[in-house]
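K.L.:
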Amino acid sequence: MIEFKKYTSEQASARFEELKDSNFVGIINKGSPFFNVRKSMLDELSKLQSLTPYLQDLELGKIFHKVLLEMKGIDLSILTTTSFWRFIALDVMPEVIYDRFSTNGKIDDALKAHFYSKAVRIYPYDLFWYYEIFSKGTEQETYDFLSKKCFSTDTILNTIERMGRKGFRKDIFRSILNKYSTLDFSKFPSTKPNLILRSILIQHTSKNAVFIPDCYEGGVDGYVEMLFNTTLGG
67 MIEFKKYTSE
77 QASARFEELK
87 DSNFVGIINK
97 GSPFFNVRKS
107 MLDELSKLQS
117 LTPYLQDLEL
127 GKIFHKVLLE
137 MKGIDLSILT
147 TTSFWRFIAL
157 DVMPEVIYDR
167 FSTNGKIDDA
177 LKAHFYSKAV
187 RIYPYDLFWY
197 YEIFSKGTEQ
207 ETYDFLSKKC
217 FSTDTILNTI
227 ERMGRKGFRK
237 DIFRSILNKY
247 STLDFSKFPS
257 TKPNLILRSI
267 LIQHTSKNAV
277 FIPDCYEGGV
287 DGYVEMLFNT
297 TLGG
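Residue numbers for the sequence shown follow the numbering used here, so the first one is 67 and each next one is one higher.
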């Protein structure tokens with residue numbers, strides 16, 4: 067199994083203070099198995115300054131998901147460990163996170179959340195699982211799907227962070243996003259797309275306590291159709 071610094075919350079807080087003093091520069095060198103991850107992310111970051119925040123997330127996620135899965139010793143037990151994502155954020159790619167989320171050099175609780183303080187908001191965790199959960203095969207195919215205009219940074223907030231808090235089934239969330247991506251949003255002019263998705267996911271949280279999606283008429287897709295009809299009418 068691959069070795070990495072297993073940050074506790076207290077250790078992560080101390081490391082974050084060190085980063086503040088070093089202008090958020092990572093400490094991974096060429097001898098580390100994570101060096102290629104770091105180099106790939108920094109190389110990609112330099113190309114993205116003209117893109118919207120969401121497209122930056124997609125471009126970074128595409129590279130990050132690929133290089134991480136190519137590493138030997140990375141398995142599900144590691145990918146579901148909060149200390150691993152703290153390590154990636156604090157040691158491997160702090161420059162990326164600081165560039166993405168710091169506004170005019172401001173360092174606040176929101177920035178800390180993307181580094182270590184809230185497990186479901188640690189930025190590399192969100193990037194990886196956004197691509198993993200909604201995979202369409204290759205990273206490029208997934209990118210093409212997730213770059214549709216109906217998706218935004220709020221999609222990450224509404225899906226990946228909700229999954230982290232409540233647990234999830236890939237097939238249900240994939241079916242929800244597939245259905246959502248086909249909606250004619252002109253029929254709902256008074257409602258922002260991200261609020262529609264949020265309402266669907268709230269319905270899922272409620273209905274999932276009552277229904278077994280697999281046993282619903284039409285299976286998971288039938289269950290998801292019911293969620294949309296209940297929320298939007300139809």
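Beta carbons: idealized from backbone N, C-alpha and C, even for Gly.
For S183 and chain B, any beta-carbon pair shorter than 8 Å?
P.N.:
Included in the structure is just one protein chain, with no chain B present.
K.L.:
I'd like to check one pair, M229 with G139: are the Cβ atoms closer than 8 Å?
P.N.:
Cβ distance not < 8 Å, so G139 and M229 don't count as in contact.
K.L.:
Specify the secondary structure class of E125 as computed by DSSP and reduced to three states.
P.N.:
Reduced to three states, the DSSP call for E125 is helix.
K.L.:
Take the Cβ of Q269 as the centre, count every other Cβ of all protein chains shown within 10 Å, and call the residue buried at 16 or more, exposed below.
P.N.:
Its Cβ being crowded by 16 or more others within 10 Å, Q269 is buried.
K.L.:
Using the three-state DSSP reduction, which class does A185 fall into: helix, strand or coil?
P.N.:
A185: helix per DSSP, three-state reduction.
K.L.:
One question on the structure: do T208 and F200 come within less than 8 Å of each other, judged by their Cβ atoms?
P.N.:
In contact: T208 and F200 (Cβ atoms closer than 8 Å).
K.L.:
Under the three-state reduction of DSSP, which class applies to A275: helix, strand or coil?
P.N.:
Three-state DSSP puts A275 in coil, outside helix and strand.
K.L.:
Thinking C-beta only, is F70 closer than 8 Å to F153?
P.N.:
A contact, by the Cβ cut-off of 8 Å.
K.L.:
Let me know the secondary structure DSSP gives C303 once reduced to three states.
P.N.:
For the chain, the structure presents residues 67 to 300; residue 303 sits outside this window and is missing.
K.L.:
Can you say whether Q122 is buried or exposed, counting buried as having 16 or more other CB atoms within 10 angstroms of its CB?
P.N.:
Per the 10 Å Cβ criterion, buried.
K.L.:
What residue range is occupied by the uninterrupted alpha helix (DSSP H) comprising S149?
P.N.:
T148 to F153 is the span of the alpha helix (DSSP H), which, as asked, contains S149.
K.L.:
G276: buried (16+ other C-beta within 10 angstroms of its C-beta) or exposed?
P.N.:
In the sequence as presented, Gly is not what sits at residue 276; that position holds Val. It counts as exposed.
K.L.:
Could you tell me the distance, in whole angstroms, from the CA atom of K86 to the CA atom of Y164?
P.N.:
Roughly 10 Å between the two C-alpha positions.
K.L.:
On the three-state DSSP scale, how would you describe T74?
P.N.:
Residue state, collapsed to three classes: coil.
K.L.:
Taking its Cβ as the centre, do 16 or more other Cβ atoms sit within 10 Å of T148, making it buried, or is it exposed?
P.N.:
Burial call: buried.
K.L.:
Have a look at A179 and R187 and give me their C-alpha separation to the nearest angstrom.
P.N.:
Roughly 6 Å between the two C-alpha positions.
K.L.:
Reducing DSSP to helix, strand and coil, say where D157 ends up.
P.N.:
It is helical.
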